[in-house]
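Numbers in the working numbering are just positions in the sequence shown, counted from 1, shifted up by 30.
Scroll down for the structure; my scribbles are underneath it.
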Amino acid sequence: MELSEVLRRRRMVRAYAADRPVPAELLDRVCAAALRVPSAGFTQGVSLLVLTSAKQRAAYWSAAAGSVRSRWLTGMRTAPALVLLWTSQEAYLDRYAEPDKGWTDRDPERWSAPYWFVDSGMAALAMLLTATDAGLGACFFGVPAARIGAVRTAFGVPAEQLSVGVVTLGYAAVGDVPGSPARCSRRRPDELIHQGVW
Ligand SMILES: Cc1cc2nc3c(=O)[nH]c(=O)nc-3n(C[C@H](O)[C@H](O)[C@H](O)COP(=O)(O)O)c2cc1C
31 MELSEVLRRR RMVRAYAADR PVPAELLDRV CAAALRVPSA GFTQGVSLLV
81 LTSAKQRAAY WSAAAGSVRS RWLTGMRTAP ALVLLWTSQE AYLDRYAEPD
131 KGWTDRDPER WSAPYWFVDS GMAALAMLLT ATDAGLGACF FGVPAARIGA
181 VRTAFGVPAE QLSVGVVTLG YAAVGDVPGS PARCSRRRPD ELIHQGVW
């Protein structure tokens with residue numbers, strides 16, 4: 031598919047065909063895309079936790095949502111694959127303390143933006159675009175802050191790893207309705223693109 035077509039077609043999918051698992055080679059392709067993105071200082075500090083079995087997925091939803099019920103959760107729980115993205119601030123501080131960067135004080139104040147999360151966004155977008163290109167549906171969303179500890183415990187994720195969010199993957203359910211773009215329109219380019227001066 032042409033890149034412009036992938037960009038045009040991509041949208042968040044929040045309900046999945048229950049009887050259609052993600053073929054292993056497509057899951058591998060989506061995960062590989064997350065590792066192929068640029069990273070600050072080539073730190074490569076973003077890691078993935080892939081959950082595909084019913085037991086693993088149930089453990090995720092239990093840790094992340096407990097007994098909460100909602101229409102959103104009902105749809106999202108149908109996703110046959112979940113990929114949790116994690117990032118390491120420590121990895122970036124370590125990398126930038128190396129001689130070619132020289133930030134040996136490891137002071138987080140030096141950072142114009144937290145590159146550990148910038149790189150995570152690049153990884154997530156690469157996954158979403160690759161999923162679209164592969165004919166899959168996908169959605170990015172965050173783990174509720176109060177639940178991150180429970181998710182870490184459920185899957186043995188080290189405390190140093192920061193939660194970025196989750197990408198659900200699967201084939202879109204028939205009748206999956208688009209989310210917010212159906213309700214709010216996209217902002218006009220001239221509202222957001224400043225030519226020469228703000
Ligand atoms: C950082 C981030 C967090 C998001 N969190 C959620 C979320 O918690 N739940 C959800 O359903 N969608 C979430 N989304 C998806 C946005 O709602 C969606 O991208 C936006 O409405 C535009 O729709 P589209 O991606 O389908 O074009 C998130 C997207 C981003 C980039």
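Where a beta carbon is used, it is the ideal one built from N, C-alpha and C, also for glycine.
- At least one heavy atom of ligand 1 lies less than 7 Å from the C-beta of residue 102.
- About 5 Å separates the CB atoms of residue 76 and residue 150; that is less than 8 Å, so the two are in contact.
- Residue environment for residue 134: exposed (fewer than 16 other C-beta atoms within 10 angstroms of its C-beta).
- Under the Cβ criterion (8 Å, minimum of three pairs), the segment 167-180 does not count as touching the segment 81-89.
- The beta carbon of residue 90 sits closer than 6 Å to the beta carbons of 81, 112 from its chain, once the five residues preceding and following it are set aside; these are given in chain order.
- Of the heavy atoms belonging to ligand 1, none sits nearer than 7 Å to the Cβ of residue 147.
- In the DSSP assignment, residue 117 is bridged to 76, 192.
- Boundaries of the beta strand (DSSP E) around residue 168: 167-171.
- In chain order, 156, 157, 160 place their CB closer than 7 Å to the CB of residue 63, counting only its own chain and leaving out the 5 sequence neighbours on each side.
- DSSP lists 46 as the bridge partner or partners of residue 202.
- Closest option to residue 115, judged by alpha-carbon separation, among 220, 166, 61, 214: 61.
- Non-local C-beta neighbours of residue 67 in its own chain, meaning closer than 6 Å and more than five positions away in sequence, comprise 152, 153, 156, ordered along the chain.
- Counting only residues of its own chain and dropping the five nearest sequence neighbours on each side, residue 56 has a CB closer than 7 Å to the CB of 164, 166.
- Placement of the Cβ of residue 152 at a distance of 7 Å or more from every heavy atom of ligand 1 is found.
- Between residue 50 and residue 106, the gap from beta carbon to beta carbon reaches 8 Å or more.
- Leaving aside the five residues that flank residue 136 on each side, the residues in its chain whose CB is nearer than 6 Å to its CB run, in chain order, 123, 127.
- Contact annotation: residue 181 and residue 93 have beta-carbon atoms nearer than 8 Å.
- Assigned with DSSP and collapsed to three states, residue 127 falls in coil, not helix or strand.
- Nearest C-alpha to residue 71 among 117, 54, 102, 125: 125.
- Secondary structure at residue 60: helix, using DSSP grouped into helix, strand and coil.
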